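Q:
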Amino acid sequence: MTEPGAPTLDQLTVFLAIVEAGSFAAAARRLNRANSVISYAIANLEAQLGLALFDREAAKSPVLTEAGKVMLAQARVIAGDVANLRAQAKGLLQGLEAEVHLVLDVMLPTARVVDALRAFREAFPTVTLRLHVEGLGAVTQMVLDRRATLGVAGPLDVVNGGDQLDYISVGHTLLIPVAAPDHPLARGANPPGAGRAHTQLVLTDRSRLTDGRDFAVASVHTWRLADLGAKHILLKEGLGWGNMPEPMVREDIAAGRLKRLEMPELAQAHYALHAIYRSDTPPGPATAFLIERFKSQPN
Numbered sequence: 595m596t597e598p599g600a601p602t603l604d605q606l607t608v609f610l611a612i613v614e615a616g617s618f619a620a621a622a623r624r625l626n627r628a629n630s631v632i633s634y635a636i637a638n639l640e641a642q643l644g645l646a647l648f649d650r651e652a653a654k655s656p657v658l659t660e661a662g663k664v665m666l667a668q669a670r671v672i673a674g675d676v677a678n679l680r681a682q683a684k685g686l687l688q689g690l691e692a693e694v695h696l697v698l699d700v701m702l703p704t705a706r707v708v709d710a711l712r713a714f715r716e717a718f719p720t721v722t723l724r725l726h727v728e729g730l731g732a733v734t735q736m737v738l739d740r741r742a743t744l745g746v747a748g749p750l751d752v753v754n755g756g757d758q759l760d761y762i763s764v765g766h767t768l769l770i771p772v773a774a775p776d777h778p779l780a781r782g783a784n785p786p787g788a789g790r791a792h793t794q795l796v797l798t799d800r801s802r803l804t805d806g807r808d809f810a811v812a813s814v815h816t817w818r819l820a821d822l823g824a825k826h827i828l829l830k831e832g833l834g835w836g837n838m839p840e841p842m843v844r845e846d847i848a849a850g851r852l853k854r855l856e857m858p859e860l861a862q863a864h865y866a867l868h869a870i871y872r873s874d875t876p877p878g879p880a881t882a883f884l885i886e887r888f889k890s891q892p893n
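If you're matching positions, the sequence shown starts at 595 in my numbering and goes up one per residue.
#1: Under the DSSP definition of a beta bridge, which residues are partnered with Asn837?
#2: For the candidate residues Ala667, Asn626, Asp604, whose alpha-carbon lies nearest to that of Leu639?
#3: Taking C-alpha atoms, which residue in Gln668, Met736, Gln642, Ala619 lies nearest to Lys654?
#4: What does the Cβ neighbour count give for Lys663, buried or exposed, with the cut at 16 atoms within 10 Å?
#5: Helix, strand or coil for Gly878, going by three-state DSSP, please let me know.
#6: Where Met842 and Leu723 are concerned, what is the direct C-alpha to C-alpha distance, given to the nearest angstrom?
#7: Take Ala861 as the anchor and find which of Val733, Asn784, His695 has the nearest alpha-carbon.
#8: Exposed or buried, Met595, counting other C-beta atoms within 10 Å across all chains shown (16 or more means buried)?
#9: Can you tell me the Cα-Cα spacing of Glu856 and Gly729, whole angstroms?
#10: Straight-line CA distance for Arg624 to Leu610?
#11: Assuming Ala825 and Arg851 form a contact by the criterion Cβ under 8 Å, report the distance between their Cβ atoms to the nearest whole angstrom.
#12: Spell out a yes or no on whether the region 755-773 and the region 866-877 are touching, meaning 3 or more CB-CB pairs, one atom from each, closer than 8 Å.
#13: Is His777 buried or exposed, if buried means 16 or more other CB atoms sit within 10 Å of its CB?
#14: Roughly how many angstroms separate the alpha carbons of Asp739 and His695, rounded to a whole number?
#15: Can you check whether the CB of Leu658 is closer than 8 Å to the CB of Leu645?
#16: Are Ile636 and Leu647 closer than 8 Å when you measure CB to CB?
#17: Quick one: grab the DSSP three-state call for Arg650.
#18: Are the beta-carbon atoms belonging to Thr720 and Thr881 less than 8 Å from one another?
#19: Are the CB atoms of Ala774 and Gly836 within a distance shorter than 8 Å?
#20: Using the C-alpha atoms, what's the distance from Ala677 back to Arg671?
#21: By Cβ distance, which residues of its chain are closer than 7 Å to Ala717, with the 5 residues on each side in sequence left out?
#22: Just reading off the alpha helix (DSSP H) that His826 is part of, what are its end residues?
#23: Taking the straight line between their C-alpha atoms, what separation do you get for Leu779 and Thr816?
#24: Taking buried to mean at least 16 other C-beta atoms within 10 Å of its own C-beta, is Ser630 buried or exposed?
#25: Kindly indicate which residue of Pro749, His792, Val727 has the alpha-carbon position closest to the one of Arg741.
#26: Among the candidates Val697, Val814, Val707, Leu768, whose CA atom is the shortest distance from the CA of Ser890?
#27: Name the one or two DSSP bridge partners that Val657 has.
#28: What residue from Glu693, Glu840, Ala673, Leu819 has the CA that sits closest to Arg715's CA?
#29: DSSP three-state label for Ser617, please.
#30: Please name the residue or residues paired with Ala783 in a DSSP beta bridge.
#31: Does His864 come out as helix, strand or coil in the three-state DSSP assignment?
#32: So, helix, strand or coil for Gln891, using DSSP?
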């Protein structure tokens, strides 16, 4: 039995370009090469592996064979490893980041933000920090678009970044349902489903990553707000009920400005938090410091 040969990185790059672009011609345009060069590279790759990667007769566009699908997964791993190697080498050549663009989920408690940024300032006084605060999928969108180096985002179904992102759990924050003390739901224990009849204030996503999806929405009557601070104000004014981070409303509850609602189906929820960054841009020293600081904090 003949052993498979060793494919080159260039052959794998061409293979991935064909799959991503949808055709040999589109891959040629993407890589700025002649069609014949693309075909030759794939012919050599198939010869090296001893496998047919594309069923060229199945359709006008090349279709992956079963072997091709297996090789595709491995090729992506190799390409990712090479991208990481190059990114890490670039980081070593450049040394410490000149600046860090950080985007935080609005649900992250203020105390955790202040702790991380104070420690960052002391450890890296020469690094410029650019801070953004967003909600839901907008955090992920900024990282995907390279407008932020690092994000602290919500649960993975909200993050929704696919293979382009790496994730590290950094704890959670507690969400609880609240309303003004004179709200009908604040009078005592509520039966299941009581919230459906009352206006719920809901935080909306500024990005398109979670289009058409709702999170912890229990009412058929909703007001949608893109700002958590505005939601907080309207809740205290009695214009609806809604879920809020417990640390953000703790003082309001103690002072009687808000009341924690007794709703059996929405008593509380743990909003998971993740440090996220692009897989092809591993954290530099300053960014890695922030990740470790968020990881080490108590919830």
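Don't be surprised by glycine CBs; every beta carbon is placed ideally from N, CA and C.
Just so it is clear, the structure is predicted and the values come from calculations on it, not from any experiment.
A: On the basis of the coordinates in this document:
#1: According to DSSP, Asn837 bridges with Pro771.
#2: Among Ala667, Asn626, Asp604, the Cα nearest to that of Leu639 belongs to Asp604.
#3: With distances taken between Cα atoms, Lys654 lies closest to Ala619.
#4: It counts as exposed.
#5: Gly878: coil per DSSP, three-state reduction.
#6: Near 24 Å, if we compare the C-alpha coordinates of Leu723 and Met842.
#7: The shortest Cα separation from Ala861 among Val733, Asn784, His695 belongs to Asn784.
#8: Residue confidence is low: Met595 scores 49 on pLDDT, short of 50, so the model does not pin down where it sits. Its coordinate-derived value is still stated next. Answer is exposed; the Cβ neighbour count stays below 16.
#9: When rounded, the distance between both Cα atoms is 26 Å.
#10: Arg624 and Leu610: Cα-Cα distance of roughly 11 Å.
#11: Here the sequence assigns Lys to residue 825, which means Ala is not the residue at that position. Approximately 14 Å separates the beta-carbon atoms of Lys825 and Arg851; this is outside 8 Å, ruling out the contact.
#12: The region 755-773 is in contact with the region 866-877.
#13: Buried, since its Cβ has 16 or more Cβ neighbours within 10 Å.
#14: Answer to the nearest angstrom: the Cα atoms are 12 Å apart.
#15: For Leu645 and Leu658, no; Cβs fall outside 8 Å.
#16: One thing to note: Ile636 has its Cβ within 8 Å of the Cβ of Leu647.
#17: Coil.
#18: No, the Cβ-Cβ distance between Thr720 and Thr881 is not below 8 Å.
#19: For the 8 Å CB-CB criterion, Gly836 and Ala774 do not form a contact.
#20: In the sequence under discussion, the amino acid at residue 671 is Val, which differs from the Arg named in the question. Those two C-alpha atoms are separated by around 10 Å.
#21: Excluding sequence neighbours, Ala717 sits near Phe883.
#22: 822-830 is the span of the alpha helix (DSSP H), which, as asked, contains His826.
#23: Cα-Cα distance, rounded: 15 Å.
#24: Classification for Ser630: exposed.
#25: Of Pro749, His792, Val727, the smallest CA-CA separation from Arg741 is found for Val727.
#26: Ranking the options by Cα distance to Ser890, first place goes to Val707.
#27: In the DSSP assignment, Val657 is bridged to Asp649.
#28: For Arg715, the closest C-alpha among the options Glu693, Glu840, Ala673, Leu819 is that of Glu693.
#29: Residue state, collapsed to three classes: coil.
#30: DSSP output for Ala783 lists Glu856 as bridge partner(s).
#31: DSSP places His864 in the strand class (E or B) of the three-state scheme.
#32: In the three-state scheme derived from DSSP, where H, G and I count as helix and E and B as strand, Gln891 is classed as coil.
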